[in-house]
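Letter by letter, the sequence shown follows residues 1 to 504 in the numbering used here. Glycine is no exception: its CB is placed at the ideal position from the N, C-alpha and C atoms.
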Amino acid sequence: MPATLKFCTKLPAVGSLSERECLVVGHKHILTLHGAYEASAAAVSPGGEVSKELFTQALKDLSPSQTSDAGDTVPLYLKQASISCLPIKCSRTNCPSRPDALANLVKPVVKKNKDVAIVVICPRTHVVPSTSAIARACQLYDSKSTASTKAFTVSVCFVLSDADGLLGGDELSDRECGNLSVLAESVRFAARLTDMPTCELDTDAFVQEARAVAAELGGRVRMSVITGKDLEKGGFGGLWAVGKAAEKPPSLVTLEYDGGDEEIVALVGKGIVYDTGGLSIKSKDGMPTMKRDMGGAAAVLAGFQAAVKIGTSKKLRGVLCLAENSVSPEAYRPDDIIHMLSGKTVEVNNTDAEGRMVLGDGVHYAAATLNASTVVNICTLTGAQKIAAGNKHAGIMCNDETLEQKCLHAGRACGDLCVPLLYCPELLLKEFKSEVADMKNSVKDRGNAQASCAGHFIEAHLPKTYHGKWLHIDCAGPIDEAERGTGYGVALFVELFANPVLQG
1 MPATLKFCTK
11 LPAVGSLSER
21 ECLVVGHKHI
31 LTLHGAYEAS
41 AAAVSPGGEV
51 SKELFTQALK
61 DLSPSQTSDA
71 GDTVPLYLKQ
81 ASISCLPIKC
91 SRTNCPSRPD
101 ALANLVKPVV
111 KKNKDVAIVV
121 ICPRTHVVPS
131 TSAIARACQL
141 YDSKSTASTK
151 AFTVSVCFVL
161 SDADGLLGGD
171 ELSDRECGNL
181 SVLAESVRFA
191 ARLTDMPTCE
201 LDTDAFVQEA
211 RAVAAELGGR
221 VRMSVITGKD
231 LEKGGFGGLW
241 AVGKAAEKPP
251 SLVTLEYDGG
261 DEEIVALVGK
271 GIVYDTGGLS
281 IKSKDGMPTM
291 KRDMGGAAAV
301 LAGFQAAVKI
311 GTSKKLRGVL
321 CLAENSVSPE
331 AYRPDDIIHM
341 LSGKTVEVNN
351 TDAEGRMVLG
361 DGVHYAAATL
371 NASTVVNICT
381 LTGAQKIAAG
391 NKHAGIMCND
401 ETLEQKCLHA
411 GRACGDLCVP
421 LLYCPELLLK
431 EFKSEVADMK
441 NSVKDRGNAQ
451 ASCAGHFIEA
461 HLPKTYHGKW
471 LHIDCAGPID
481 EAERGTGYGV
491 ALFVELFANP
501 VLQG
């Protein structure tokens, strides 16, 4: 049974560590601040198991690496309590709280399937990324026959250090803890969707997940769905072409929430619930993990959910482009010419370049029909993104430098890291030149900024009259780690488009 994750200002009292285990974690220079033991005593020593002297000695024994991403852990009491420090090294393109390391320190504790208290001692600016990290460690999906059926709770308490390096002068409010709970559950939700196999999460099931979110949010949210042949009739040539071969039809799901501002922000997610590659079929080694090709749509759905719950002044739109890229006599073929919603024609030269086809329709719909002035698409689009940006960072492109910088800063603040890719459509769009259509769907030269080219293909399907902002997020790398979904994108969207999670 998955853990119940609770964020609290004060940990519930227990009699001993046999009732609830404990992990204290933070950077070593913060853990050694005066008052750290007193602040965490209710967790590490509820029955007097750990003295201040033992705690202090454990701090001295901690030895984080000066050069690598390794932290360190020292036991405090048998296997029931421990203290961990985070890595020292952090470059300018990383998140200072090191959420990547925190998640790895928390996972072994949570996997015991026992009640546990996690005390994070950190500055206020580290709380949000640390929350996402802990959420990623508390995974929801588990289909093992040996999965535990015992209910257990992970209780998280943040002890805040202030600007003067003192503990106890600041604490989170109940409202802030509530916002952290919302963020964490939405991250876990997106990760669960990403982990689910297509036999459980086909396009119809994904639509039902969206309906459940809309129902939970109540009358504040409007939802519409265009499915199957209605997509073809409506001109969604890219989405229909990619999804028509599958047993379950493609769908375009739209969620709408109206905040007080006039600005309309549309989040458009690639939702390929499985990608065989189509007739340009993937290899036996290349096809496994393609259940996660809907991670962008999962981020949009869960990010939309979190933003509405926490509050946002934006008129927020969530667009899910759902399809299964399958093989059948109905499958679209190389050499087919597809008429996109934008009015442009695309000569198919690779059916495995399907994500850009569905998103081309999605971004045009967001701009032309939903009248969005900011269009953001998120997708597991290219393997080239991982070559350019690695496994921890998404690659982003933007037609607006201010929004690009805002996204980069937001990523470092919330832990959903990103780095800029080349933005230069005048040099790169020629890669899609076709003699018989407006463009092909795959590049001629795969060594010419391929990740950027794929983004520009999507951008090319925005309306000619569109003068708003467009942000492209390729998260092929960070969408999963160690064969589990991460919920990437949820915290980034909350940071960019919702009210602040923390008030201070």
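- Residue nearest to Ser181 within the set Asn349, Ile272, Pro129 is Pro129 (criterion: CA-CA distance).
- Judged by beta-carbon spacing, Thr194 lies beyond the 8 Å limit of Gly269, meaning their Cβ atoms are not closer than that value.
- According to DSSP, Trp470 shares a beta bridge with Val375.
- Contact check for Leu301 against Gly318 passes: the beta carbons are separated by less than 8 Å.
- In the structure shown, His339 adopts extended strand secondary structure according to DSSP, grouped into three states.
- For Val501 and Tyr423, the gap between their C-alpha atoms comes out near 31 Å.
- In the structure shown, Tyr488 falls within a coil segment according to DSSP collapsed to helix, strand and coil.
- When the Cα atoms are used, Ser280 and Asn179 turn out to be separated by approximately 45 Å.
- For the pair Tyr37 and Ser326, the Cα-to-Cα distance works out to about 57 Å.
- Under the criterion of beta carbons closer than 8 Å, Met439 and Val375 do not qualify as touching, at roughly 19 Å.
- Rounded to whole angstroms, the separation of the alpha carbons of His461 and Lys344 is 7 Å.
- Counting C-beta atoms within 10 angstroms of its own C-beta, His29 has fewer than 16 neighbours from the protein chains shown and is therefore classed as exposed.
- Rounded to whole angstroms, the gap between the alpha carbons of Val265 and Gly165 is 39 Å.
- The Cβ-Cβ distance between Tyr332 and Val348 falls below 8 Å.
- Assigned with DSSP and collapsed to three states, Leu193 falls in helix.
- The shortest CA-to-CA distance from Glu216 to any of Gln305, Leu31, Asp400 is the one to Gln305.
- In the three-state reduction of the DSSP assignment, Ser181 falls in the helix class, which pools H, G and I.
- Ranked by Cα distance from Lys233, the first of Val221, Ser328, Met340 is Met340.
- In this structure, DSSP gives Arg292 a helical state, which the three-state scheme calls helix.
- The alpha-carbon separation between Phe206 and Ala191 amounts to approximately 14 Å.
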